[in-house]
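Numbering (my numbering), first residue to last: 11 to 190.
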């Protein structure tokens, strides 16, 4: 039986960000269309000036930043990983082949603003790692790390406390999941 690829995805974008992105893309398209009409047919429905000719690039940039989404695809059967940046159906990223999975680790990172985020890494090929996921909530990051370690059938390391790394007992976690 062929295994389906594992997909780790950022949280869905809030609906208001998608609306704002679509407004930016629509305005950029309007400016570009008006510019084409002005150049080729000497028609225009906008009053053009230099800042307005540059604004479609800014609008497209804002639209992209509001709608870009990161996903990680893991093809376990072929030992391949791919990190993608996605905007709608457009996916940018390349496959990387990994041979020897070692373990999944969960650790904390301090951000510039002083807050903490929990990150999940996949360690492979003697001390190489693949950054998979960051999450401000421990439980969500642990869930991602646990399910990935189960899918790959490898160990899970809790490195959230500096210099006090512990291997997580996945059987105990599994028992907690099934307990109501």
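By construction, the Cβ of each residue, glycine as well, lies at the ideal position given by its N, Cα and C atoms.
Since we're looking at a predicted model, the values are computed, not measured.
Residue i in three-state terms, based on DSSP
| i | result |
| --- | --- |
| residue 181 | helix |
| residue 163 | coil |
| residue 172 | coil |
| residue 86 | coil |
| residue 77 | helix |
| residue 27 | helix |
| residue 147 | coil |
| residue 108 | coil |
| residue 132 | strand |
| residue 141 | strand |
| residue 125 | coil |
| residue 116 | strand |
| residue 100 | strand |
| residue 22 | coil |
Exposure label - residue i; buried when at least 16 CB within 10 Å
| i | result |
| --- | --- |
| residue 182 | exposed |
| residue 49 | exposed |
| residue 149 | exposed |
| residue 60 | Model confidence at residue 60 stands at a pLDDT of 49, short of 50, so the residue's coordinates are unreliable and nothing is read from them. |
| residue 87 | exposed |
| residue 51 | exposed |
| residue 121 | exposed |
CB contact flag (residue i, residue j, <7 Å)
| i | j | result |
| --- | --- | --- |
| residue 73 | residue 35 | yes |
| residue 31 | residue 65 | no |
| residue 44 | residue 116 | no |
| residue 67 | residue 37 | no |
| residue 94 | residue 101 | yes |
| residue 83 | residue 17 | yes |
Pick from the options that is closest to residue i, judged by C-alpha positions
| i | options | result |
| --- | --- | --- |
| residue 22 | 42, 165, 30 and 80 | 80 |
| residue 160 | 33, 179, 143 and 51 | 179 |
| residue 114 | 75, 131 and 104 | 131 |
| residue 105 | 122, 172 and 140 | 140 |
| residue 165 | 91, 152 and 145 | 152 |
| residue 144 | 84, 127 and 173 | 127 |
| residue 109 | 137, 124, 27 and 175 | 137 |
| residue 124 | 146, 99 and 142 | 146 |
| residue 142 | 47, 33, 91 and 28 | 91 |
| residue 28 | 85, 173 and 98 | 98 |
Whole-angstrom C-beta distance between residue j and residue i, which should lie under 8 Å
| i | j | result |
| --- | --- | --- |
| residue 111 | residue 134 | 5 Å |
| residue 118 | residue 89 | The pair is not a contact, with the Cβ atoms about 29 Å apart (cut-off 8 Å). |
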